[in-house]
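Please read the structure below before turning to the comments.
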Amino acid sequence: MNAMSGWHSDVGDSNTRRQEKLYRLMEKLKNMAREVPPKYQPRLSYDLLSALASLLLDDTVLQIVAELIDLQHMTERHLHQTRCSLLARHRAEKERMKSQHKSEEDMARCRARLHALPQMQAQHSALENDLERRHQMELQKCNLDALKIIDEKVVEQQSTLAKVGVPGFFVSTNPMDVRVQMYILGFIMKISQQNPSYSLSSS
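Printed below as a string of structure tokens:
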């Protein structure tokens, strides 16, 4: 009988702690929602916040979000490095072409071929303009490719979080939906940073 009584006491204590934790999470989420711009607040309803608080009692979702954030950061770093490499190559090509053109023009002056200089300079200018146009096209393609990859990652993120039951998440390209989902992700990250038992990457 005493053993049964102790078991009931443990269960009661566990439920009490769970309810207290749920209440604290809910208060934090409500405070965060109040800081969101007014036009987004109706989308962060009490029911949504309550469902999110219940979900965050288990750190499984936090671990999934941590992995998604890490993947997102890795993708962003890769895209940034790719763009920086492209810009560095463009700078090197411009400098190389300008140096070559300067050498050719200096040689023409030294050999007293000043009459050929205007035509040479016009040709050089045309080549530099062609190079600039090619660089602009390559940079535009790089930017478009990056946007496509980011959009694909957003869809993957939406799909994964929807499958594990994170409220507010579903596949959408609507800017309002995406912004609200970003706020929800932000809430989860803040909760994780405030609780040492959670470990979300902040890198």
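Numbering of the sequence shown is given in the working numbering, commencing with residue 354 and proceeding in unit increments.
Cβ atoms here follow ideal geometry from the backbone N, Cα and C, with glycine treated the same way.
Counted within 10 angstroms of its Cβ, other Cβ atoms place Gln547 as buried (16 or more) or exposed: exposed
Where Leu500 falls, given that 16 or more other Cβ within 10 Å makes a residue buried: exposed
Integer Cβ distance of Met473 from Glu485, believed to fall under 8 Å: Wrong, their Cβ atoms sit about 19 Å apart, outside the cutoff.
Contact belief for Lys383 with Leu402 at Cβ below 8 Å, rounded distance in angstroms: 6 Å
Straight-line gap, Leu480 to Lys447 (C-alpha atoms, nearest Å): 10 Å
Given Met374 as reference, the closest of Val389, Pro390, Leu408 once Cα atoms are compared: It is worth fixing the name first, because residue 374 is Lys in this sequence and not Met. When only C-alpha atoms are compared, the closest one is Leu408.
Proximity of Leu415 and Ser545 at Cβ, strictly below 7 Å: yes
With 16 other Cβ atoms within 10 Å as the buried cut-off, status of Asp418: The sequence as given places Val at residue 418; Asp does not occur at that position. It is buried - the Cβ of Val418 has at least 16 other Cβ atoms within 10 Å.
Inter-residue Cα distance where the pair is Tyr551 and Asp483: Reliability of the predicted coordinates at Tyr551 is poor, the pLDDT of 48 falling under 50, and the value obtained from them is presented with this limitation in mind. Rounded to the nearest angstrom, the two C-alpha atoms are 54 Å apart.
Three-state class that DSSP yields for Asn527 in the structure shown: coil
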